[in-house]
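Accompanying notes for the structure given below.
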Amino acid sequence: MTAYEELRAAFRWEVPASFNIGVACADVHPPRAPALVSLLADGTRRELTFGEVTAYSNRFGNALRELGVGVGDRVAVVLPQRLETAIAHLAVYKLGAIAVPLSVLFGPDALHHRLGDSGARALVTDRRSLERVAAVAGELGGIQVIVVDGEPQRPHLGFWPLVDAASDRLQAVRTDADAPALLIYTSGTTGPPKGALHAHRVVLGHAPGFRLSHDFFPRPGDRFWSPADWAWIGGLVNCLLSTWLHGRPIVGAVREGAFDPEWALALVVSERVRNSFLPPTALKLLRSAGARLEPGALRTVMSGGEVLGAELLAWASERLGVTVNEIWGQTEANYVLGNSSSVWEIRPGSMGRPYPGHEVAVLGPGGEALAPGEVGELAVRTPDPVVFLEYWRQPEETRAKVPDGWLRTGDRARLDEEGYLWFEGRVDDVISSAGYRIGPEEIEQCLLGHPAVALAAAIGVPDDTRGEVVKAFVILRDGFEPAPALAEEIRNVVRTRLAAYEYPRHLEFVTELPLTVTGKIRRGELRRREADRGGVDPAARGE
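Heads up: the sequence shown at position 403 corresponds to 411 in the working numbering, and the numbers run straight through without jumps.
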């Protein structure tokens, strides 16, 4: 029996009936142990212990309770990697409420849908996002806005005045492990973004993959940092909450603008970072910048979002001094499979193997398990602590995702004889760009909001740095003529109303779009056309 087989055979889930993320990620740890280094864009640096994190989250929990937030209520968090983000999350979990992390990159349309759909009762943000966020909250009504910096004016409230006025003693709600805790919106192709509702147990479900992808985390001296936004499952649960579950410190850094390789390297060195999640785009930018670290600076690096390939893995080993462990996951079922270089051989180009506790299969059209070498849809067996509870208020979508005890991932894959999974493309049309999963329909609807646009379609096309970027195809209304200035104006509609990472970096004016008999856009046909012109390979997209 191999070491991998021994790990799987010996593993047993230990999920207690009662479990609360807020308690498990702060209160149970030694109060003097370091928990967080908070770095702001203005150079402010602050260190917190677990005792301080516990006290602050208790105070904010009491403040939220005074504002009427209770079990099951939704509290949105629109913040970057700052200490208030972490405190707000823990406080919400302790109350038995549901945290709704939202990206600071979201424009008004994206915020409006998510805040309205979730029915958020309160929202925590900063002054940089306040004007945009407050306008949407005002339109929806019934949302108390809390601001972590500056001097907010009524009806908004200040985060720190609330914290300072509250007691640091809080009796956390005794939540079941299966109780709702986290609502993360994920983009799809058949409608607006859906809210994936996770239970408190989701953090425990991440633990086997987290420990192994970081080569038996925690080890003495382990200290985590990632550029991944804490508004996504990859940054929030893969990094912040998983690190704190194990009682180790994490660095949270706010930096305006795009990822800066030199800044990232300086942070790793100055803050003695030992462990990181570096998305493929970050690794590619580090390579382009000629990055190098002293041997032993980093102990572990995990990556995920797209296959890295042998060349990038070899570069990371030589220049960063680590073997990058790739992982696979999605919002609904994250950290299910991947690599652990200290236990089993890495096969460059593969997705890795299932981590202990998780069972996956490659299924055929009828739900049958396929033999090694056959291509089908990757599926995750349920129940599993890491698998989501449901799509928020969408029972039919939930049943379609998990129809028969197997969660359908939407990824096409094949299994080899040694148990490694190999990615073969997407079943659906989701665009994967720089680690973000982007639903084309939301972009298309946003484009249609421009007065010149009669019909629009969006697909992903290859990009050396980001994996894929968005390309839009636009049919103009009568009276409008194609022009570079108009193309830029239309592209910027998405940039300002949705998010900067969603805007079409390429836009083509066309006179027709391929449609099905029911009028749906045939995005697969658009990808085939791009392939014929030297663009995206439809075979790599599962078509």
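For each residue, glycine too, the CB sits at the ideal point set by N, CA and C.
Bear in mind that the values here come from a model prediction, so they are computed numbers and not experimental data.
Whole-angstrom C-beta distance between residue j and residue i, which should lie under 8 Å
{"i": "residue 16", "j": "residue 364", "result": "5 Å"}
{"i": "residue 277", "j": "residue 47", "result": "Actually they are not in contact, since the Cβ atoms of residue 277 and residue 47 sit about 14 Å apart, beyond 8 Å."}
{"i": "residue 281", "j": "residue 11", "result": "Actually they are not in contact, since the Cβ atoms of residue 281 and residue 11 sit about 28 Å apart, beyond 8 Å."}
{"i": "residue 183", "j": "residue 208", "result": "6 Å"}
{"i": "residue 498", "j": "residue 460", "result": "7 Å"}
{"i": "residue 451", "j": "residue 388", "result": "The Cβ separation is near 28 Å, so there is no contact."}
{"i": "residue 253", "j": "residue 238", "result": "In fact, because the Cβ distance is near 15 Å, the residues do not count as touching under 8 Å."}
{"i": "residue 399", "j": "residue 203", "result": "6 Å"}
{"i": "residue 462", "j": "residue 483", "result": "5 Å"}
{"i": "residue 84", "j": "residue 126", "result": "7 Å"}
{"i": "residue 324", "j": "residue 291", "result": "6 Å"}
Residue i: first and last residue of the uninterrupted beta strand (DSSP E) it sits in
{"i": "residue 88", "result": "Element bounds for residue 88: n/a, residue is neither H nor E."}
{"i": "residue 278", "result": "Where residue 278 is concerned, there is no enclosing beta strand (DSSP E), although the alpha helix (DSSP H) it sits in stretches over 269-278."}
{"i": "residue 467", "result": "461-471"}
{"i": "residue 171", "result": "Run containing residue 171: none in the beta strand (DSSP E); it sits in the alpha helix (DSSP H), 167-173."}
{"i": "residue 336", "result": "332-338"}
{"i": "residue 560", "result": "The first residue shown for the chain is 9 and the last is 551, placing residue 560 beyond what the model contains."}
{"i": "residue 183", "result": "Careful: residue 183 lies outside any beta strand (DSSP E) and carries neither H nor E."}
{"i": "residue 107", "result": "106-109"}
{"i": "residue 308", "result": "308-312"}
{"i": "residue 260", "result": "258-261"}
{"i": "residue 325", "result": "First-last for residue 325: 318-327, but that is the alpha helix (DSSP H), not the beta strand (DSSP E)."}
{"i": "residue 284", "result": "283-285"}
Length of the line joining the Cα atoms of residue i and residue j
{"i": "residue 327", "j": "residue 200", "result": "42 Å"}
{"i": "residue 517", "j": "residue 473", "result": "25 Å"}
{"i": "residue 88", "j": "residue 110", "result": "9 Å"}
{"i": "residue 336", "j": "residue 345", "result": "5 Å"}
{"i": "residue 231", "j": "residue 480", "result": "41 Å"}
{"i": "residue 24", "j": "residue 162", "result": "43 Å"}
{"i": "residue 456", "j": "residue 338", "result": "29 Å"}
{"i": "residue 538", "j": "residue 437", "result": "15 Å"}
{"i": "residue 138", "j": "residue 362", "result": "42 Å"}
{"i": "residue 216", "j": "residue 176", "result": "33 Å"}
{"i": "residue 526", "j": "residue 134", "result": "Here residue 526 scores only 45 on pLDDT, less than 50, and its place in the model should not be relied on; the value that follows carries that caveat. Those two C-alpha atoms are separated by around 45 Å."}
{"i": "residue 308", "j": "residue 347", "result": "12 Å"}
{"i": "residue 536", "j": "residue 449", "result": "19 Å"}
{"i": "residue 334", "j": "residue 273", "result": "20 Å"}
{"i": "residue 50", "j": "residue 100", "result": "28 Å"}
{"i": "residue 343", "j": "residue 20", "result": "17 Å"}
{"i": "residue 305", "j": "residue 283", "result": "9 Å"}
{"i": "residue 241", "j": "residue 193", "result": "10 Å"}
{"i": "residue 262", "j": "residue 90", "result": "7 Å"}
Close Cβ partners of residue i (< 7 Å) along its chain, the five nearest in sequence each way excluded
{"i": "residue 378", "result": "370, 371, 372 and 384"}
{"i": "residue 297", "result": "269 and 270"}
{"i": "residue 513", "result": "477 and 478"}
{"i": "residue 190", "result": "106, 107, 206 and 210"}
{"i": "residue 180", "result": "28, 30, 31 and 102"}
{"i": "residue 314", "result": "288, 440 and 475"}
{"i": "residue 75", "result": "130 and 152"}
Close Cβ partners of residue i (< 8 Å) along its chain, the five nearest in sequence each way excluded
{"i": "residue 420", "result": "383, 384, 385, 386, 431, 432, 433, 434, 435 and 550"}
Neighbourhood of residue i by C-beta, 6 Å cutoff - its chain only, sequence neighbours within 5 removed
{"i": "residue 170", "result": "71"}
{"i": "residue 95", "result": "64, 65 and 68"}
{"i": "residue 233", "result": "259, 281 and 284"}
{"i": "residue 531", "result": "437 and 467"}
{"i": "residue 98", "result": "30, 34 and 65"}
{"i": "residue 9", "result": "none"}
First and last residue of the uninterrupted alpha helix (DSSP H) at residue i
{"i": "residue 386", "result": "Note, residue 386: premise wrong, no alpha helix (DSSP H); beta strand (DSSP E) at 383-389."}
{"i": "residue 515", "result": "Note, residue 515: premise wrong, no alpha helix (DSSP H); beta strand (DSSP E) at 514-517."}
{"i": "residue 304", "result": "Where residue 304 is concerned, there is no enclosing alpha helix (DSSP H), given that its DSSP letter is neither H nor E."}
{"i": "residue 498", "result": "492-505"}
{"i": "residue 250", "result": "250-253"}
Chain B within 9 Å of residue i, Cβ atoms only
{"i": "residue 476", "result": "Of the protein chains in this structure there is only one, and it is not chain B."}
Extract the residue ranges of the alpha helix (DSSP H) inside the segment 343-378, only unbroken runs of 4 or more that lie entirely within it.
Qualifying alpha helix (DSSP H) stretches: none in this window.
In chain order, each beta strand (DSSP E) run of at least 3 residues that lies wholly inside the segment 34-100
Runs found: 42-47, 53-57 and 82-86.
Runs of 3 residues minimum, wholly inside the segment 186-232: which ones carry the beta strand (DSSP E) assignment?
Here the runs fully enclosed are 188-194 and 202-207.
Restricting to runs no shorter than 3 residues, where is the beta strand (DSSP E) found entirely within the segment 118-181?
Counting only runs of 3 or more, we get 130-133 and 152-155.
Enumerate, from N- to C-terminal direction, the unbroken beta strand (DSSP E) stretches of 3 or more residues contained entirely within the segment 401-487.
Counting only runs of 3 or more, we get 414-423, 429-434, 439-441, 444-446, 461-471 and 475-484.
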